[in-house]
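Just so you know, we're using our numbering here: the sequence shown kicks off at 2 and counts up by one. Ideal Cβ positions, reconstructed from N, Cα and C, are used throughout, including at glycine. Predicted model, so just to flag it, every value in this text is computed and none were measured. To keep things clear, I will list the structure first and then write my remarks on it.
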Amino acid sequence: MRMLRKARIAKSSKPCWEFVKDKQRMRTPEEVIIFLDTVYLIEARRAGEDIICDNCGEIEGSSACSGKKHLTNRETRKLLCYQCDFYYRKNKEHRPLTVAQAHVLRVKMLADRKAGNKIVCGNCGIAEGSLGTTKPFNVNMELVMILCSPCGLHWSTDGSHRDPADNRILIINARMKQDRINHNRITCDDCGAVEGSPSCKGNHVVNKTNLKVLCSNCKKTYWGR
Numbered sequence: 002m003r004m005l006r007k008a009r010i011a012k013s014s015k016p017c018w019e020f021v022k023d024k025q026r027m028r029t030p031e032e033v034i035i036f037l038d039t040v041y042l043i044e045a046r047r048a049g050e051d052i053i054c055d056n057c058g059e060i061e062g063s064s065a066c067s068g069k070k071h072l073t074n075r076e077t078r079k080l081l082c083y084q085c086d087f088y089y090r091k092n093k094e095h096r097p098l099t100v101a102q103a104h105v106l107r108v109k110m111l112a113d114r115k116a117g118n119k120i121v122c123g124n125c126g127i128a129e130g131s132l133g134t135t136k137p138f139n140v141n142m143e144l145v146m147i148l149c150s151p152c153g154l155h156w157s158t159d160g161s162h163r164d165p166a167d168n169r170i171l172i173i174n175a176r177m178k179q180d181r182i183n184h185n186r187i188t189c190d191d192c193g194a195v196e197g198s199p200s201c202k203g204n205h206v207v208n209k210t211n212l213k214v215l216c217s218n219c220k221k222t223y224w225g226r
């Protein structure tokens, strides 16, 4: 595929005299346009000019371009990055800006993850890899936002943002789970009863209203609050 594209570029960038000698005819008006567009790209690269995608505005050579060069789409005569050109050829319409922006954000997120930089959920503010998060964060294509797994699931299910306060419950539950693995004491915030003691039936839980860790007995007191 890459060799075929290089052959097409070489063919379309031939000087007119060489084209006539090779084809035994003059260039058609369409071929002249393709020739001029190709020459412009070659000269712009030689001059070190910024080559910008007419659709998403991405500059050739940026990390979002994944090492692919921009090219002129023959149907629209627009200068497009590889991603926008591929999208157009596949769907016969220009790539939505949100999709392009989400792609750029995802490339940046992957680079930050590789470099060990902090990645934060755009909704609840929790950091990737912290207590309460087990899955890698993703970019929501619709919102163009980095979301943790719970926030992303909430948006895809309900079409609305998850309450950031829910994340505190997630963290407390994760902390209790870790305490159980390490055989640490988990005490009720109201009565001080230790989880697993004769007076407690079942595991302690987090009250969603006041975020307290409660035993089964104290949980009944807050029932309905």
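Output yes or no for whether 8 Å exceeds the beta carbon distance between residue i and residue j.
i: residue 139; j: residue 153; result: yes
i: residue 85; j: residue 78; result: no
i: residue 52; j: residue 44; result: no
i: residue 142; j: residue 123; result: no
i: residue 134; j: residue 127; result: yes
i: residue 81; j: residue 89; result: yes
i: residue 69; j: residue 83; result: yes
i: residue 64; j: residue 108; result: yes
Are there 16 or more other CB atoms within 10 angstroms of the CB of residue i, so buried, or fewer, so exposed?
i: residue 125; result: buried
i: residue 104; result: buried
i: residue 137; result: exposed
i: residue 118; result: exposed
i: residue 202; result: exposed
i: residue 196; result: buried
i: residue 71; result: buried
i: residue 3; result: Because the pLDDT of residue 3 is 47, which lies under 50, any placement of that residue in the model is unreliable, and the number read from its coordinates should be weighed accordingly. The residue in question, residue 3, is exposed, as its Cβ has fewer than 16 Cβ neighbours within 10 Å.
i: residue 39; result: buried
i: residue 8; result: Only weak support exists for where residue 8 lies, its pLDDT of 45 falling under 50; the value from the coordinates is given anyway. It counts as exposed.
Can you tell which of the options has its C-alpha closest to the C-alpha of residue i?
i: residue 191; options: 214, 32, 161; result: 214
i: residue 73; options: 87, 64, 123; result: 87
i: residue 130; options: 107, 149, 80; result: 149
i: residue 217; options: 200, 32, 67; result: 200
i: residue 36; options: 75, 114, 82; result: 75
i: residue 56; options: 114, 102, 166; result: 102
i: residue 180; options: 40, 50, 204; result: 204
i: residue 189; options: 223, 156, 165; result: 223
i: residue 164; options: 151, 22, 41, 58; result: 151
Rounded to whole angstroms, how far is the Cβ of residue i from the Cβ of residue j, which I believe are closer than 8 Å?
i: residue 170; j: residue 207; result: 5 Å
i: residue 17; j: residue 26; result: The Cβ separation is near 11 Å, so there is no contact.
i: residue 212; j: residue 187; result: Contact flag wrong, Cβ pair sits at about 15 Å.
Report yes or no: is there a C-beta of chain C within less than 8 Å of the C-beta of residue i?
i: residue 204; result: Of the protein chains in the structure, only one exists, and it is not chain C.
What are the start and end residues of each continuous alpha helix (DSSP H) run of 4 or more residues lying completely inside the stretch 57-109, in chain order?
83-92
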